[in-house]
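Residue numbers (this note's numbering): 1470 to 1732.
All C-beta atoms, glycine included, are put in the ideal place defined by N, C-alpha and C.
What follows is a set of notes on a single structure, which appears directly below.
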């Protein structure tokens, strides 16, 4: 089996003593063409990986920004099948950068897990994050993902129990996604203090990289996070920068935002 792009990217970053910057972009937002163009351009301008949100009608863990982009993507007709197709388009121009889908379990189940994994691996998906799949119930899916060359990425929060943390570390491949706030997603003024403690707990069990997301909005957050983890995921603040700009300036706004966080 070929080495997963996520592992290759983290090896590169470690070699350069660098941390990962991972923007989150809702698939098909603000429209299909802009999404593909923006994805490719941010990967050329400081983003190390791409986290693609699979639109869902009831995104429980997401704040107003991501809910809004979900709604817009659904209005644009973005289904799971279309997400796979959009990644296929990205891969025509970029075959090296890791791509991760983040989505709620229902759409994958409705699509058929095996069909989804087969088709996703064919278009070059590297990782999958399912926020509403409990770690205790994820072993079978994790193995199916692994056999398809895709890493199932566990999600941990400051409220996770010691047992859950341990189980996640045993199963994890690629990286562990650590959420820094216990509420819904969104850009916040200060990152939760509990996140550093959580990352230390995780690192006591495993050498697998840990990324911190939820509430990241500025360069200072990225620098602070990289002191104790392996990188940051930025979602709401990045999407806000796109949403708040004119139609013909959305790509530039997104690229400028990523550049600011990266440098």
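Under DSSP, residue 1723 forms no beta bridge with any residue. The DSSP-derived three-state label of residue 1497 is coil.
Between residue 1533 and residue 1497, the beta carbon gap of about 19 Å keeps them out of contact (Cβ cut-off 8 Å). Per DSSP, the continuous alpha helix (DSSP H) segment holding residue 1555 begins and ends at 1549-1562. Spatial neighbours of residue 1619 in its own chain (CB-CB distance under 7 Å, excluding positions within 5 residues in sequence) are listed in chain order as 1586, 1589, 1590, 1594, 1595, 1596 and 1597.
Counting along the chain, residue 1606 sits inside no alpha helix (DSSP H), nor does DSSP assign it H or E at all. By the Cβ criterion, the stretch 1712-1720 is not in contact with the stretch 1677-1697, since fewer than three pairs of Cβ atoms, one from each stretch, lie closer than 8 Å.
Rounded to the nearest angstrom, the Cβ distance from residue 1493 to residue 1515 is 15 Å, too far for a contact under 8 Å. By the C-beta criterion, the stretch 1602-1616 is judged not to be in contact with the stretch 1547-1562, since fewer than 3 inter-stretch pairs fall below 8 Å. In this structure residue 1538 is buried. Its beta-carbon is surrounded by 16 or more other beta-carbon atoms within 10 angstroms.
Residue 1702 is bridged by DSSP to 1491. Cβ contact annotation for residue 1688 (same chain, cutoff 7 Å, sequence separation greater than five): 1729 and 1730, in chain order. With a beta-carbon spacing of about 4 Å, residue 1643 and residue 1475 fall inside the 8 Å limit used to define contacts. Annotation for residue 1519: the continuous beta strand (DSSP E) segment containing it runs 1519-1522.
With fewer than 16 other Cβ atoms from the protein chains shown falling within 10 Å of its own Cβ, residue 1630 counts as exposed. Here residue 1546 is exposed, its C-beta having fewer than 16 other C-beta atoms within 10 Å. Distance from the Cα of residue 1623 is smallest, within the candidate group 1723, 1616 and 1608, for 1608. When C-alpha distances from residue 1646 are compared across 1677, 1576, 1690 and 1691, the shortest belongs to 1677.
At a cut-off of 4 residues, the continuous stretches assigned as alpha helix (DSSP H) that sit fully inside the stretch 1669-1715 are 1688-1697 and 1705-1712.
Cβ neighbours of residue 1664 within its own chain (closer than 7 Å, five residues either side excluded): 1627, 1647, 1649 and 1681. Of the other Cβ atoms in all chains shown, fewer than 16 fall within 10 Å of the Cβ of residue 1673; this residue is therefore exposed. By the CB criterion at 8 Å, residue 1710 and residue 1700 fall outside the cutoff.
Residue pairing by DSSP puts residue 1596 in a beta bridge opposite 1569 and 1620. Note that the C-beta distance between residue 1518 and residue 1489 is below 8 Å.
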